Structure formats: structure tokens, C-alpha cells
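Asks: Numbering (this note's numbering), first residue to last: 461 to 944.
Note that beta-carbon positions come from the ideal geometry of N, C-alpha and C, so glycine has one too.
Being a predicted model, the structure only gives us computed values, none of them experimental.
#1: For residue 884, which residues does DSSP report across the bridge?
#2: So what does DSSP say about residue 606, is it helix, strand or coil?
#3: Counting pairs of Cβ atoms below 8 Å between the region 647-659 and the region 790-806, do you hit three or more?
#4: What's the C-alpha gap between residue 810 and residue 804?
#5: Contact defined as beta carbons within less than 8 Å: I believe residue 902 pairs with residue 923. What is the distance between those atoms, to the nearest angstrom?
#6: Which residues in the same chain have their Cβ closer than 6 Å to the Cβ of residue 932, if we skip the five residues on either side of it in sequence?
#7: Excluding the five sequence neighbours on either side, which residues of its own chain have a C-beta within less than 6 Å of the C-beta of residue 635, listed in chain order?
#8: CB residue 856 to CB residue 765, shorter than 8 Å?
#9: Going by DSSP, which residues form a beta bridge with residue 628?
#10: For the region 859-869 against the region 740-750, do three or more pairs of beta-carbon atoms, one drawn from each stretch, fall closer than 8 Å, so that the two count as touching?
#11: Rounded C-beta distance between residue 899 and residue 706? I'm assuming under 8 Å.
#12: Would you call the CB atoms of residue 776 and residue 859 closer than 8 Å?
#13: Could you tell me the alpha carbon to alpha carbon distance between residue 563 and residue 574, rounded to whole angstroms?
#14: Ordered along the chain, which non-local residues of its own chain (more than five positions away) have a Cβ less than 8 Å from that of residue 645?
#15: May I ask you to list the residues that DSSP assigns as paired with residue 618?
#16: Using 8 Å as the threshold, is the region 580-593 in touch with the region 680-693, meaning 3 or more CB pairs across them?
#17: Hey, quick one: how far does the alpha helix (DSSP H) through residue 698 stretch, first residue to last?
#18: What residue from 878, 758 and 830 has the CA that sits closest to residue 861's CA?
#19: Whole angstroms are fine: how far does the CA of residue 883 sit from the CA of residue 891?
#20: At which residues does the beta strand (DSSP E) containing residue 811 begin and terminate?
#21: Figure out for me which residue from 605, 887 and 647 has the closest Cα to the Cα of residue 581.
#22: Please classify residue 510: does DSSP put it in a helix, a strand, or coil?
#23: Tell me which same chain residues have a C-beta within less than 6 Å of the C-beta of residue 668, skipping the five on either side of it?
#24: From residue 942 to residue 781, what does the alpha carbon distance come to, in whole angstroms?
#25: With a Cβ-Cβ cutoff of 8 Å, do residue 814 and residue 616 count as a contact?
#26: Identify which residue in 603, 716 and 625 has its Cα closest to the Cα of residue 618.
#27: Could you say which of 718, 737 and 808 lies nearest to residue 613 if we only look at CA atoms?
#28: Just checking my contact of residue 779 with residue 638 at CB under 8 Å: how many whole Å lie between their CB atoms?
#29: What's the C-alpha gap between residue 715 and residue 863?
#30: Kindly indicate which three-state DSSP category residue 635 falls into: helix, strand or coil?
#31: Enumerate in chain order the residues of its own chain whose CB-to-CB distance from residue 541 is below 6 Å, with the five nearest sequence positions on each side excluded.
#32: State the DSSP-derived secondary structure class of residue 930, mapped to helix, strand or coil.
#33: Inspect the beta-carbon positions of residue 610 and residue 833 and report whether they are closer than 8 Å.
#34: Reducing DSSP to helix, strand and coil, say where residue 739 ends up.
#35: Under three-state DSSP, which class holds residue 657?
#36: Grab me the residues of residue 755's own chain with a C-beta within less than 7 Å of its C-beta, minus the 5 sequence neighbours each way, in chain order.
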């Protein structure tokens with residue numbers, strides 16, 4: 461019959477009148493004893509006391525080694541955290557119900573986005589695996605009872621300690637650190653993606669606001685044209701059909717205005733969703749869409765690519781796979797188990813010291829399959845690294861070209877097309893009032909002006925989207941200048 465009892469760790473008080481279960485313990489906190497053995501005999505205290513002292517010395521040695529080991533997790537964690545900063549910014553003041561700035565939107569997304577919070581939890585979880593990787597094997601204590609008769613009984617108590625060879629512990633810690641680094645870079649990449657999504661949604665709302673204002677201005681122009689046409693019909697200068705055309709054009713702009721309001725509401729909800737809100741608590745966003753991002757130097761951007769989140773993530777994945785390969789290679793070397801104990805023979809009344817050493821023979825299982833798998837996965841990580849570098853370089857080139865074209869279009873629309881369209885509309889409207897132009901010519905000039913303004917607005921929004929894409933890929937923020 462065997463009973464198990466949980467005992468506190470790292471306690472050893474060898475008092476002569478205490479039983480064996482108060483003296484001996486294992487690293488797992490479990491103790492196995494025989495019910496037929498009388499532990500209150502004074503002779504047995506002399507028998508087990510040296511073994512208990514050996515257990516205590518072994519535990520203290522492991523504790524000191526864990527504290528002073530150069531590859532312990534306490535000395536590893538700060539090193540990587542200095543290289544990769546994944547600390548979120550402090551919470552910003554909650555935006556009011558009237559308007560929202562871009563800085564407030566980004567801060568709220570960093571603080572409340574659920575996907576970003578999950579990535580942060582993953583970093584914490586992987587960091588905890590370093591502590592587990594640094595743990596050493598637990599010692600084992602075993603009791604063997606031969607013969608149930610007391611006068612012929614032989615009792616053996618033995619302590620076994622596995623000793624890892626081949627640098628397994630260091631390889632485990634390194635692999636866990638690389639996994640932690642990969643999780644941190646994933647968090648940085650998610651932050652960059654989230655910031656790009658917030659900026660894109662923010663400027664989509666800003667574009668919707670500008671488009672709504674543009675349609676409101678167009679509606680005012682259409683109402684003015686309808687009023688002028690009604691006066692000319694009343695004076696008999698034009699046919700009533702001209703007033704009908706003006707009213708139809710005005711009604712069409714009203715429909716577009718309603719559609720623009722619905723689109724703006726959708727974009728506002730999409731922006732609020734970036735920080736996990738079901739409905740927006742703001743009515744408008746503050747910003748100047750005419751402030752064009754400056755066109756950065758392409759060579760300087762390409763020089764920053766090695767530090768881009770995508771490049772770093774692919775590089776760390778290769779390092780992590782190499783660490784896993786070293787770990788699997790270290791497991792080819794078998795571990796040694798050292799045994800020390802004492803054997804009590806009641807028949808002859810003597811105690812015998814037991815010292816043993818066991819080594820597995822790697823005849824059949826030399827971990828060759830796991831080593832080959834780790835080697836192939838390392839090669840795969842290198843191929844994926846090259847693929848990621850090509851893909852990210854292409855994304856940067858495309859975003860840079862988009863920004864360049866959008867800036868050229870915005871400049872041409874703002875300084876050439878829009879002034880000409882506005883001047884044409886003003887002249888046509890004035891001439892229509894004087895009876896020199898027909899209403900169809902006024903409608904045509906109004907349509908050209910509205911299209912030019914819409915194109916300019918889309919070009920301005922495209923410049924901000926392209927600049928945001930560059931920021932996401934490279935991890936830097938392009939400067940913002942006023943249009944020249």
C-alpha cells in the first residue's frame with residue numbers, strides 16, 4: 461500500500477524524532493513511502509539523514525545556479541526588450557462628441573483595438589515560455605522494499621538526478637527568446653497595419669465630409685439656376701421646358717447629396733470600428749485634406765527597408781528556425797542520470813551506500829527525423845524571407861508611384877483645371893442671366909465644374925492613402941507640407 465503526501469518545496473529540518481515523510485521530499489512535492497515500514501525507529505533516522513542532507517544540498521545548488529547562470533531568463537529578457545520596443549502609447553483623452561483629430565483616433569485605436577490587445581497577450585504568453593525553457597529537470601526519489609518480513613527486509617532509498625548534456629537548456633532558452641522576438645515584431649506589424657487602417661478610414665471620412673460640402677455647394681448653384689430660369693420663364697424670355705430641366709437637375713443633385721450623407725455615415729462607423737466601437741461618438745473629423753504629404757526620396761525609403769516590420773519579421777523567423785535546429789541537434793546527445801542512495805539490510809544489520817550512473821544508448825533513436833525536419837523548415841524560412849523582401853519592395857515601389865501620380869494630378873487639378881472650370885461657370889452663368897447663353901450651356905459648365913472638384917478631392921485623398929501605405933510598409937511617417 462502506497463500513500464502520497466504533498467510537502468512544501470525547499471524545506472528540510474532533520475529532527476531525530478520526526479518521521480521520514482517530514483524529512484524527504486522531491487522537486488515535484490510528492491513522496492512515496494511504504495505502509496509496512498516503521499519510520500519512527502531511531503535506527504532509520506541514522507539511515508536516511510545523510511540522504512536528506514544530500515537532497516537539500518542538491519536543491520540549494522540548483523537554486524544558486526539558476527540565479528547566477530548567465531543564460532537564465534532574468535538576464536535574457538531585458539536584452540531583447542531593449543532591441544524591440546513594443547510598448548503601447550499612453551491612453552489619450554477621449555475625443556468629444558463634436559469632432560475628432562487624427563492623433564486622437566490613432567491613440568484610441570492603439571488603446572482599445574481587440575486585435576492589437578490579443579497580439580500583446582501573445583507577447584506576454586511567449587515571454588512566459590522563456591521561464592519554462594530555463595527550468596532544469598526535477599530530481600526523483602524512489603523507495604524499494606524487498607521482502608515483507610521485518611527480519612529479512614531490505615530497504616533501498618535512492619535519489620536520481622538527470623543532467624542535461626549538449627547545451628539543451630541554452631538551446632531551449634534561445635529558441636524561446638526568438639519566439640518572443642517574433643511575437644513582438646508581429647505586434648509591431650499589427651500596430652503599423654492598424655495605424656494605416658485608422659489613417660485610411662480617417663481620410664475617407666474627411667473625403668466624405670468634403671464631398672458632402674461640395675454637393676451642398678452644387679445644390680446651391682442648382683437652386684440659383686432654377687430661380688433664374690423661373691424668372692426668365694415668368695418674363696417670357698425662355699420656354700417653360702427650361703425651368704423643368706433646371707428643376708430636374710436640382711432634384712438629381714439632391715439625390716446625390718442623400719447618397720453622400722449615407723456614404724459618410726458608413727465611413728464614420730468604419731473609423732469607429734478600428735477602436736472597437738459599434739457606433740461613432742463624433743460628428744466630424746478635424747483635418748485639412750489640401751495639406752499634401754511631401755514626396756520623400758525613394759532611395760532613402762529603400763535604405764530603411766531592412767528595418768521595416770516585414771523585413772524584420774522574416775529575418776527573425778529564420779533566426780528562430782535556426783535556434784530550433786540547434787535545439788534538435790542538441791537532443792541527439794543523451795542525458796546522464798546520476799543516482800545516489802542508501803540500502804539497509806536488516807538481516808545483516810548494515811547500511812550500504814549506492815552510487816549509480818545511467819546513460820541511454822542512442823542506437824535506434826538519434827533524433828535524426830526531427831533534425832531533418834528542423835533543417836528543412838529553416839530552408840523554408842529563408843525562401844519565405846526572400847519572397848517577403850521582394851513583395852515588400854514591390855509594395856513600396858507601387859505606393860511611391862501612386863503618391864507621385866496623385867500629387868501630379870492634384871496639382872494639375874488645383875492650379876489649372878479648377879480655375880478654368882470655375883471661370884467658365886461664372887462667365888456662363890452671367891451670360892445666361894443676360895440672355896447670351898442657353899440653360900443647357902449653364903448645366904454643362906456646372907457639370908464640368910463639379911467633376912473637376914470631385915476629381916481634385918479624389919486625387920487629394922489618394923495622396924494621403926498612398927502616403928499611409930508607404931508609412932505602413934517602411935514604418936516611418938512621411939512629412940506633410942502645404943501644396944505649392
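Replies: According to the data block:
#1: In the chain shown, residue 884 corresponds to position 424, counting from 1. Answer is none; residue 884 lacks a bridge partner.
#2: Position 146 of the chain shown holds residue 606. Three-state result, residue 606: strand.
#3: no
#4: Sequence index remark: in the chain shown, residue 810 carries index 350 (1-based). Sequence index remark: in the chain shown, residue 804 carries index 344 (1-based). Each residue's alpha carbon lies about 6 Å from the other.
#5: Translated into the one-based positions of the chain shown, residue 902 becomes position 442. Translated into the one-based positions of the chain shown, residue 923 becomes position 463. Not confirmed; about 32 Å, so no contact.
#6: By 1-based counting over the chain shown, the position of residue 932 is 472. So the list reads 652 and 656, once near-sequence residues are dropped.
#7: Within the chain shown, the letter at position 175 stands for residue 635. Contacts found: 783, 784 and 787.
#8: Position 396 of the chain shown holds residue 856. Position 305 of the chain shown holds residue 765. Yes; because the gap between Cβ atoms is below 8 Å, this pair is in contact.
#9: Against the chain shown, residue 628 aligns to sequence position 168. For residue 628, which the question treats as bridged, DSSP gives no partner whatsoever.
#10: no
#11: Sequence index remark: in the chain shown, residue 899 carries index 439 (1-based). Sequence index remark: in the chain shown, residue 706 carries index 246 (1-based). Confirmed, about 6 Å.
#12: Along the chain shown, one-based indexing puts residue 776 at 316. Along the chain shown, one-based indexing puts residue 859 at 399. Contact: no.
#13: Residue mapping note: residue 563 aligns to position 103 of the chain shown, counting from 1. Residue mapping note: residue 574 aligns to position 114 of the chain shown, counting from 1. If I take the Cα positions, the gap works out to 19 Å.
#14: Position 185 of the chain shown holds residue 645. Same-chain partners within the cutoff: 544, 769, 772, 773 and 776.
#15: Your numbering for residue 618 matches position 158 in the chain shown. In the DSSP output, where bridge partners are listed per residue, residue 618 has 602 and 801.
#16: no
#17: Mapped onto the chain shown, residue 698 falls at position 238. Premise fails: residue 698 is in no alpha helix (DSSP H) and is neither H nor E.
#18: As a working mapping, residue 861 is identified with position 401 in the chain shown. The shortest C-alpha separation from residue 861 is found at 758.
#19: Residue 891 sits at position 431 when you count from the first residue of the chain shown. Residue 883 sits at position 423 when you count from the first residue of the chain shown. Between residue 891 and residue 883, the C-alpha separation is close to 12 Å.
#20: Indexing the chain shown from 1 puts residue 811 at position 351. Element bounds for residue 811: 810-818.
#21: Position 121 of the chain shown, counted from the start, is the residue given in the question as residue 581. Of the listed residues, the one whose Cα sits closest to residue 581 is 647.
#22: Start at 1 with the first residue of the chain shown, and residue 510 comes out as number 50. For residue 510, the predicted structure reports a pLDDT of 46, less than 50, and the residue's modelled location is therefore unreliable. The matter cannot be settled from this model.
#23: Position 208 of the chain shown holds residue 668. Excluding residues within five positions, the ones whose Cβ falls inside 6 Å are 723, 724 and 727.
#24: In the chain shown, residue 942 corresponds to position 482, counting from 1. In the chain shown, residue 781 corresponds to position 321, counting from 1. With a pLDDT of only 36 at residue 942, under 50, the local geometry of the prediction cannot be trusted, and no value is derived from it.
#25: Here the question's residue 814 lines up with position 354 in the chain shown. Here the question's residue 616 lines up with position 156 in the chain shown. Cβ distance < 8 Å, so residue 814 and residue 616 count as in contact.
#26: Within the chain shown, residue 618 is the residue found at index 158, counting from 1. Of the candidates 603, 716 and 625, the one whose C-alpha sits nearest the C-alpha of residue 618 is 603.
#27: In the chain shown, counting from the first residue as 1, residue 613 sits at position 153. Closest option to residue 613, Cα to Cα, is 808.
#28: Residue mapping note: residue 779 aligns to position 319 of the chain shown, counting from 1. Residue mapping note: residue 638 aligns to position 178 of the chain shown, counting from 1. Right, their Cβ atoms sit about 5 Å apart.
#29: Here residue 715 refers to the residue found at position 255 when the chain shown is read from its first residue. Here residue 863 refers to the residue found at position 403 when the chain shown is read from its first residue. If I take the Cα positions, the gap works out to 32 Å.
#30: The sequence position of residue 635 within the chain shown is 175, counting from 1. The answer is helix: DSSP assigns residue 635 an H, G or I state.
#31: The residue you call residue 541 lines up with position 81 of the chain shown. With a pLDDT of 32 at residue 541, under the threshold of 50, the modelled position of this residue cannot be trusted, and the question is left open.
#32: On the chain shown, position 470 is the one that residue 930 refers to. Reduced to three states, the DSSP call for residue 930 is helix.
#33: The residue given as residue 610 occupies position 150 in the chain shown. The residue given as residue 833 occupies position 373 in the chain shown. Going by C-beta atoms, residue 610 is not nearer than 8 Å to residue 833.
#34: Sequence index remark: in the chain shown, residue 739 carries index 279 (1-based). If DSSP states are grouped into helix, strand and coil, residue 739 belongs with coil.
#35: Position 197 of the chain shown, counting from 1, holds the residue named residue 657. Three-state DSSP puts residue 657 in a helix.
#36: Position 295 of the chain shown, counting from 1, holds the residue named residue 755. Excluding sequence neighbours, residue 755 sits near 863, 864 and 867.
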